[in-house]
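Once you know that position 112 of the sequence shown is 112 in UniProt numbering, the rest is easy, because the numbers rise by one and skip nothing.
Glycine is no exception: its CB is placed at the ideal position from the N, C-alpha and C atoms.
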Amino acid sequence: MSVSGKKDFDVKQILRLRWRWFSHSSQGSAGGGGGGGGGVGGYIQQDGLDHRGTAVQGRLKSHSRERGAGGLPTRSPIDMQTHERYKSINSLCFLCGRLVLSAVSDYFAAMFTSDVREAKQEEIKMEGVDPEALISLVHFAYTGVLELKEETIESLLAAACLLQLSQVIQVCCNFLMKQLHPSNCLGIRSFADAQGCVDLLNVAHNYTMEHFLEVIQNQEFLLLPTAEIVKLLSSDEINVPDEETIFQALMMWVRYDVEHRQKDLGVLLVFIRLPLLPPQLLADLENNKMFSDDLECQKLLMEAMKYHLLPERRPMFQSPRTKPRKSTVGALYAVGGMDATKGSTTIEKYDLRTNTWDQVGVMNGRRLQFGVAVIDNKLYVVGGRDGLKTSNMVECYNPIHKVWSTMPPMSTHRHGLGIAVLEGPMYAVGGHDGWSYLNTVERWDPQARQWNYVASMSTPRSTMGVTALNGKLFAVGGRDGSSCLRSMECFDPHTNKWSMCTPMAKRRGGVGVATYNNFLYAVGGHDAPASNHCSRLSDCVERYDPKTDTWTTVSSLSVPRDAVGVCLLGDRLYAVGGYDGQSYLNTVESYDAQNNEWTEVPLNVGRAGACVVVVKLP
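This is how it looks when you write it as C-alpha cells:
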C-alpha cells in the first residue's frame, strides 16, 4: 500500500469504453439483434502489447448474443477462458447490459437516465479505470461474485468509487479494515481519504492512533510528507505514555532526511507540547545545534523552560502546548460507594481517550465511607465501615495484575476519613471511630511499612475533603458532630503543625476536593446533617488560592452532589456521582477551568461516596 494511497496513471494506460445503443427496428440494427427495449450489447477490445503494459485501449461495441427477459444477457459476458485467450492476443471481448450495469452502479444509472450527452451517444469513452478492476466489476454485475486480493484491492476500490458501486465499496472497505497493520495503516488511511471512504478512513485513523508506538517503527511513517506529520502531532488521540515519545518520533522523522526536513523543525515543534517534556531534556535541546540555529525553536524552548522554572505562574502560561494528551494523563478509577444496593463493591475505570467506562475489579467486601490513595500506581483502600463495624483495615489493589493484598492496619478504626499522599507518605485524617468524631492523623511510611501518628487537627472532622497542595496537607469542611464546617486547616509535615486558613463561604460536609494549577477546589456536599430538616445539598463550587488565602466562587455544578468524588484528570476536574436528594447519580461532570464551565459525561453505576483517583499505568 503506498503512503499516498493514489496510483499514478500513465496516460498510455487509459481504458476507453465505447457504448453503441440498439433498440427495436424492423430493419434490424448493426450486429443483429433486437430484444426488448433498453438492451445494450458490446465487447471490450484491448489493443497493445499487454493489458498491464503501455498501450491499453478498450472498446465496447454492439454485439449479438442470446438474451433473456428485458433484453438482458442470461449469464455473465466474461468467462476466464475467453479472458485468458484474449489476453494472449492482447484483446478481450464481452457483452454488457445497460440495465445490469445500472442496477449495481449509481454512476451508470445516472448516465443512462439523465439528459446528458453520453446517454444519447452510440459510443461512450471512459478514462482512468484499471482494466482488471473493470473486468472484475462487470463480472460482479452479472454474477454477484467478486474476488478480493491484497494485490488488486486498491485498484478495485478506486474503480468502484468512481463508478459508484456501493456494495463493492463496502466489501472492499471491510476487507481493508481486516488487513490493517502498523506497517500499512497510514497508507490505507491516506487512500481512504483520497477515495472519500469515510468509514474506512475513520477506522484506519483510529487504528493509527491506537497503535502509534508500532506505527512509528515502520517505513510508512518515515516517508510521510510534512502535512501528514502535522496531522499526527496535533492530535489529542495518539496513544502514547508521555509527550517525550511523540517528540522522539518527530526527531526520528526529521533525521531520516535531515537535509530537507530540518527547515520545517520550527513549524513542527509548535505541535509538540514542550512544557510537558522533562526539564533535563529541554536543557539538552537548548544546546543542540539543530535547535539553537532556529529562532522559532529557541522561542518555543524558552516558553517551556519558563513553565518549569516559574510554577507559580503556570496559570498565565496556559496554551494548547500545556494541555496533556488524553493517553498521557492516566485513567480515572471510581471505587465503591453507596448505590441502590446500599453498597457498591465494583471498581470502574474511565479512559479519557476513548471516553468509556469499564468495570475492572471488585472489592473483597462491602465497604462504605473509606478512603483511597495511589502509591506506585497501586490503589490503597483504607478504613471505612461494612454497615455495622468501623474498620482499620488497609488493602492494596494492583490494577495491572488485578490482585488484592492486605497491608498493615491503621492504629485507629476510621470511617468518613480523608486520605491523601504528600511527598511520598500517605495520611489518614480524622473520620469517625464508631463512637466519636476524630481529630487524630496517621501517616503511612511506604518504606518502613508502618503507621505513625502525627500532630492532630484543631477540630474533629468527618466526611471532609483532604488533598495535598504546595507541600502541605489541607483538611476542608466536614462535620464535627453538631454541624457542618466552613473551616479549613493545613498541615506542614516539616514543622508537624496544623494551622487555620480562611474558611469557605459555605458549610460543607460530604465535600469533594481536588487541586489544579496551584488552586484548591471544594465541590458540592451538604450544609447540615440529614437529621436537620433544613439540610440542603449543594451545587456550589469554591476555589482557594493559597498565595492570598482567599476563596472565590466559580461556576456551579449542573445538579447538587453530596458525597461527590472529585479528582484531576489531565487539565480538567471530574466530579463523579454523588447524591442529589433522591437518587445516586450515574453522571459525571468535568470542569474546564479556562472557560469556567462544567460539562456532563455518563457513569455506568450510580453511586455516592465513591473514592476517585487517577492511576498512570506504564
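Three-way DSSP call (helix, strand, coil) for residue i in this model
i                 : result
cysteine 501      : strand
proline 602       : strand
lysine 349        : strand
tryptophan 435    : coil
glycine 336       : coil
glycine 491       : Reading the sequence as shown, one finds phenylalanine at residue 491 and not glycine. Reduced to three states, the DSSP call for phenylalanine 491 is strand.
asparagine 174    : helix
glycine 383       : coil
lysine 323        : coil
serine 130        : Sequence check: residue 130 is aspartate here, not serine. Three-state DSSP puts aspartate 130 in coil, outside helix and strand.
glycine 187       : helix
glutamine 298     : helix
leucine 310       : coil
histidine 181     : coil
valine 454        : strand
threonine 354     : coil
serine 64         : Because serine 64 sits at a pLDDT of 28, beneath the cut-off of 50, its placement in the model cannot be relied upon, and the point is left open.
arginine 273      : coil
alanine 192       : helix
histidine 415     : strand
leucine 99        : helix
glycine 609       : coil
methionine 426    : strand
threonine 152     : coil
alanine 448       : coil
glutamate 395     : strand
residue 619       : For residue 619 there is no data in the structure shown, the boundaries of the chain being 1 and 618.
valine 254        : helix
glutamine 167     : helix
methionine 410    : coil
arginine 443      : strand
threonine 459     : coil
phenylalanine 370 : coil
Short Cβ contact (8 Å threshold) for residue i with residue j
i              : j              : result
methionine 407 : tyrosine 380   : yes
glycine 383    : arginine 414   : yes
valine 541     : valine 523     : yes
glycine 525    : glycine 477    : yes
leucine 537    : proline 503    : no
glutamine 179  : serine 105     : no
residue 619    : glycine 430    : Here the chain covers residues 1 to 618 and nothing more, so residue 619 does not appear.
leucine 332    : valine 511     : no
leucine 473    : tyrosine 516   : no
alanine 133    : leucine 156    : yes
valine 441     : alanine 455    : yes
glutamine 167  : glutamine 594  : no
proline 546    : leucine 617    : no
serine 327     : isoleucine 238 : yes
leucine 186    : aspartate 193  : no
arginine 325   : valine 267     : no
leucine 569    : valine 329     : yes
tryptophan 435 : alanine 505    : no
threonine 463  : arginine 443   : no
leucine 567    : valine 335     : Checking the sequence shown, residue 567 turns out to be cysteine, not leucine. Contact flag unset, no.
glutamate 589  : proline 493    : no
asparagine 586 : valine 554     : no
alanine 159    : aspartate 130  : yes
valine 601     : asparagine 206 : no
glutamate 286  : leucine 301    : yes
Residue i: CB within 7 Å of a non-hydrogen atom of the ligand ADP
i           : result
proline 546 : Absent from the structure shown: the ligand ADP. Ligands present: none.
Distance between beta carbons of residue j and residue i, contact taken as under 8 Å
i                 : j                 : result
threonine 412     : leucine 438       : 7 Å
phenylalanine 191 : valine 230        : So it is not a contact: roughly 19 Å between Cβ atoms.
tyrosine 397      : glycine 361       : 6 Å
alanine 608       : glycine 337       : 6 Å
leucine 282       : phenylalanine 247 : Actually they are not in contact, since the Cβ atoms of leucine 282 and phenylalanine 247 sit about 10 Å apart, beyond 8 Å.
serine 136        : glutamate 150     : Not a contact, Cβ separation roughly 14 Å.
Minimum Cβ-Cβ distance from residue i to chain D less than 8 Å
i           : result
glycine 509 : Among the chains in the structure shown there is no chain D, since it carries only a single protein chain.
At least three beta-carbon pairs within less than 8 Å, the stretch 342-349 to the stretch 359-372 = When Cβ pairs closer than 8 Å are counted between the two stretches, the stretch 342-349 is seen to touch the stretch 359-372, the count reaching three or more.
The stretch 526-533 touching the stretch 465-484, judged by at least three CB pairs closer than 8 Å | Flag = yes, the stretch 526-533 and the stretch 465-484 touch.
Within the stretch 219-247, note down every full beta strand (DSSP E) run reaching 3 residues or more, in order along the chain.
-> As far as the stretch 219-247 is concerned, it has no whole beta strand (DSSP E) run of at least 3 residues.
How do the stretch 222-233 and the stretch 252-260 stand: do at least 3 beta-carbon pairs fall below 8 Å, yes or no?
-> A contact is defined here as three or more CB-CB pairs under 8 Å, and the stretch 222-233 meets this definition with respect to the stretch 252-260.
At what residue ranges does the stretch 518-584 contain a whole run of the beta strand (DSSP E), taking only runs of 3 or more?
-> Runs of the beta strand (DSSP E) lying entirely within the stretch 518-584, each at least 3 residues long, are 519-523, 541-545, 550-554, 565-569 and 572-576 in chain order.
Report yes or no: do the stretch 290-310 and the stretch 259-266 share at least 3 C-beta pairs separated by less than 8 Å?
-> By the criterion of at least three beta-carbon pairs nearer than 8 Å, the stretch 290-310 is in contact with the stretch 259-266.
Using 8 Å as the Cβ pair cut-off and three pairs as the minimum, do the stretch 137-145 and the stretch 188-206 touch?
-> The stretch 137-145 vs the stretch 188-206: no contact.
So, do the stretch 544-560 and the stretch 573-582 have three or more beta carbon pairs nearer to each other than 8 Å?
-> Yes: at least three Cβ pairs fall under 8 Å.
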